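Chemist: Pasting a structure below so you can have a look.
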Amino acid sequence: TAWTPTADRALRGRHEHLPESHPTYFSRPIAMVRARDCRFYDERGRSYLDALNNVTLVGHSHPRLVEVANRQLGRLNTNTRFVYDVLSEYAERLTATLPDGLDVVYFVNSGSEANDLALRMSRYLTKREDVVIIDDAYHGYTSVVADVSPSRYRHYGKPDTTHPTPVPDRYRGLYGYDDPDAGARYAGHVIETFDRLAAEGRPPAAYLFEALLAGGGQVVLPPGYLAPVFAAASRHGALTIADEVQVGFGRLGEAFWGFQTQGADIVPDFVTMGKAIGNGFPMAAMVTTREISRAFDPAGRFFSTYGGNPVACAVGLELLNIVEDEGLQHNALVTGEYLRERLAALADRHELIGDVRGQGFYSGVEFVRDRETKEPASEETLIICERLKDRGALVYPTGPAWNILKLKPPLTFTPAHADEFAAALDAVLEEGW
Ligand code: PMP
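Residues in the sequence shown are numbered consecutively from 592, following the UniProt record's numbering.
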């Protein structure tokens, strides 16, 4: 049930006009009226620390983004068949963040579209249909990408052309944190899948992966995982697609792009990006090589009405400037680590915390009923999130069993914010059940 007039009205409207399966955060949702930097404000002016919102990379309503979006909207907003400076300037800046060779940008409007296009191009170029993925992933909502998203096709049946490989989860997976070869061992399962498909006469068109698994449970890829997988993909003529929708743009701290945290020699054929790319302005992109782009041209010209519009380009360009000017990738590295240290310290006093993991400002806290059996504390995790909300801190469960807190705050999160969040979690866990 709703608890304020605005929330009540907003919820009634949703019940009438949205699909019934459409979720809201929290059993008693909050009607948000504004947000600034790392905080949301509800209609009563109550503030909520945002530890959840990975879209808002540079903080909510960043004044520089608001300014460029307004200015561009008032000056020119049209489509990419016209020629305007800001698109060329943005494409130049965006591709400069990527390894050499990844030079051609397809501007689209959502992460789903970016992945859909990369898969379509992979299939066209290789004249193959099969796709190898990591289990429990989510790559989007179109028919093509739902078919490679276990969390979606679970509801209607796995397509025959989709081949999930084990989640390289060192907390509860096949090989643990104590295994220095875990990366190579998990990679071995992917390579076996490539080999098996090739032996069956259906080698894969593509390997699609996230450099840190979001829906899969905030799982950091073990060191040495991608290199052997990429080598095998190349041997088998499969193209590689890095889905950076969740983790790109400096969020992981160590590197600007997630795949780069696995080594400088990891260069995918396609990089797909969304969410943070526009800090909430709806835009997305897929970047590939000139060679691949040319080979796809006979399939017909690419055009998206809104993709790459001048406002999107102005916002995207200013976002890259802000990340650089404010040193946000570095903050993700340093303050992200500090946040995990604070959370890991809570594990000494709260048995429910089974694992704290992450990279930069992308962290997970996994709750278990028993540290030996690792039984997921799913109900408890949702209750913890509800109670944190009541204390003014926003975070939400994720993972296949919904027992993991997903923490992905704006990159402007400070050590004081980290202290505030850790203190709230400590207090909630202290209350007990
Ligand atoms: N890939 C990943 C890893 C995602 O998390 C998402 C969205 N949650 C998507 C793709 C799809 O992006 P969008 O919702 O913008 O279509």
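Virtual Cβ for every residue (Gly too), placed ideally from N, Cα, C.
This structure is a prediction, so every number in the text was calculated from the model and none was measured.
According to the Cβ coordinates, are L812 and A802 closer than 8 angstroms?
Modeler: In contact: L812 and A802 (Cβ atoms closer than 8 angstroms).
Chemist: Assuming D738 contacts G807 (C-beta within less than 8 angstroms), just tell me the rounded distance between them.
Modeler: The pair is not a contact, with the Cβ atoms about 17 angstroms apart (cut-off 8 angstroms).
Chemist: For H754, which residues does DSSP report across the bridge?
Modeler: BP columns for H754 point to V723.
Chemist: Where are the alpha helix (DSSP H) runs, 4 residues long or more, that stay fully inside the segment 768-825, in chain order?
Modeler: Counting whole runs of 4 or more residues, the segment 768-825 contains the alpha helix (DSSP H) stretches 773-790.
Chemist: Just verifying my parser: in three-state terms, what is the DSSP assignment at M874?
Modeler: Looking at M874 - three-state DSSP - the assignment turns out to be coil, as it is neither helix nor strand.
Chemist: For V695, which residues in the same chain have their Cβ closer than 6 angstroms to its Cβ, ignoring the five residues on either side in sequence?
Modeler: Excluding positions up to five away in sequence, the list reads T879, R881 and S884.
Chemist: Between which two residues does the alpha helix (DSSP H) containing L908 stretch?
Modeler: From DSSP, the alpha helix (DSSP H) with L908 extends over P901 to D916.
Chemist: Taking the beta strand (DSSP E) that E957 belongs to, which residues open and close that run?
Modeler: That run of the beta strand (DSSP E) goes Y953 to F958.
Chemist: Buried or exposed: F800, going by 16 or more other Cβ atoms within 10 Å of its Cβ?
Modeler: Answer is buried; the Cβ neighbour count reaches 16.
Chemist: Please report how far the alpha carbon of P596 lies from the alpha carbon of R637, in whole angstroms.
Modeler: P596 and R637: Cα-Cα distance of roughly 15 angstroms.
Chemist: Quick one: what's F861 bridged to in DSSP?
Modeler: Beta-bridge pairing links F861 to I832 and T879.
Chemist: Once the 5 residues before and after A824 are set aside, which same chain residues still bring their CB inside 6 angstroms of it?
Modeler: Cβ neighbours of A824 beyond the five flanking positions: Y798 and T831.
Chemist: Is any non-hydrogen atom of the ligand PMP found closer than 7 angstroms to the C-beta of N706, if you look at the structure I gave you?
Modeler: N706 Cβ: within cutoff of the ligand PMP.
Chemist: Looking only at its own chain, which residues have a Cβ that is under 7 angstroms from the Cβ of residue 564, when we skip the five neighbours before and after it?
Modeler: For residue 564 there is no data in the structure shown, the boundaries of the chain being 592 and 1024.
Chemist: Can you check which of these residues, A709, G731 and L924, is closest to F1004 by C-alpha distance?
Modeler: When only C-alpha atoms are compared, the closest one is L924.
Chemist: On the DSSP letters alone, give me the boundaries of the alpha helix (DSSP H) that Q920 sits inside.
Modeler: It spans L919 to L937 - the alpha helix (DSSP H) in which Q920 sits, taken as one unbroken run.
Chemist: Write down every uninterrupted run of the beta strand (DSSP E) in the segment 964-1000 whose length is 3 residues or greater and which is fully enclosed by it, in chain order.
Modeler: As far as the segment 964-1000 is concerned, its whole beta strand (DSSP E) runs of at least 3 residues are 987-989 and 995-998.
Chemist: Would you mind stating whether L656 and N922 have Cβ atoms separated by less than 8 angstroms?
Modeler: Going by C-beta atoms, L656 is not nearer than 8 angstroms to N922.
Chemist: Using DSSP bridges, identify the partner residues of Q663.
Modeler: For Q663, which the question treats as bridged, DSSP gives no partner whatsoever.
Chemist: From A855 to A890, what does the alpha carbon distance come to, in whole angstroms?
Modeler: A855 and A890: Cα-Cα distance of roughly 32 angstroms.
Chemist: Take D834 as the anchor and find which of R627, N661 and N706 has the nearest alpha-carbon.
Modeler: Comparing Cα-Cα distances from D834 to each of R627, N661 and N706, the minimum goes to N706.
Chemist: Does the separation of the CB atoms of V838 and Y953 fall below 8 angstroms?
Modeler: Contact flag set, yes.
Chemist: Comparing C-alpha positions only, which one of L998, L765, A778 and P991 sits nearest to C976?
Modeler: Cα-wise, what sits closest to C976 is L998.
Chemist: As a quick exercise: from E845, A829 and L667, pick the residue whose alpha carbon is nearest that of L716.
Modeler: It is A829.
Chemist: Could you check whether D676 and L985 sit closer than 8 angstroms to each other, using their CB atoms as the reference points?
Modeler: Contact: no.
Chemist: State the DSSP-derived secondary structure class of S618, mapped to helix, strand or coil.
Modeler: Reduced to three states, the DSSP call for S618 is coil.
Chemist: Report the three-state DSSP secondary structure of G702 (helix, strand or coil).
Modeler: The answer is helix: DSSP assigns G702 an H, G or I state.
Chemist: Quick one: any contact between the segment 661-675 and the segment 891-904, if contact means 3 or more CB pairs under 8 angstroms?
Modeler: Yes: the two stretches touch, three or more of their Cβ pairs being nearer than 8 angstroms.
Chemist: Between the alpha carbons of A660 and F872, how many angstroms are there, rounded?
Modeler: One C-alpha to the other measures close to 9 angstroms.
Chemist: Buried or exposed: W1024, going by 16 or more other Cβ atoms within 10 Å of its Cβ?
Modeler: Exposed, because fewer than 16 other Cβ atoms sit within 10 Å of the Cβ of W1024.
Chemist: I need the straight-line Cα distance from F785 to S701, nearest angstrom please.
Modeler: When rounded, the distance between both Cα atoms is 29 angstroms.
Chemist: Would you say the beta carbon of S734 comes nearer than 7 angstroms to a heavy atom of the ligand PMP?
Modeler: Checking every heavy atom of the ligand PMP against the Cβ of S734, none is found closer than 7 angstroms.
Chemist: According to the neighbour-count rule (16 or more other Cβ atoms, all chains shown, within 10 Å of its Cβ), is L609 buried or exposed?
Modeler: So L609 ends up on the exposed side.
Chemist: For the structure I just gave you, are there three or more beta carbon pairs, one from the segment 930-942 and one from the segment 900-913, closer than 8 angstroms?
Modeler: Too few Cβ pairs lie closer than 8 angstroms, so no.
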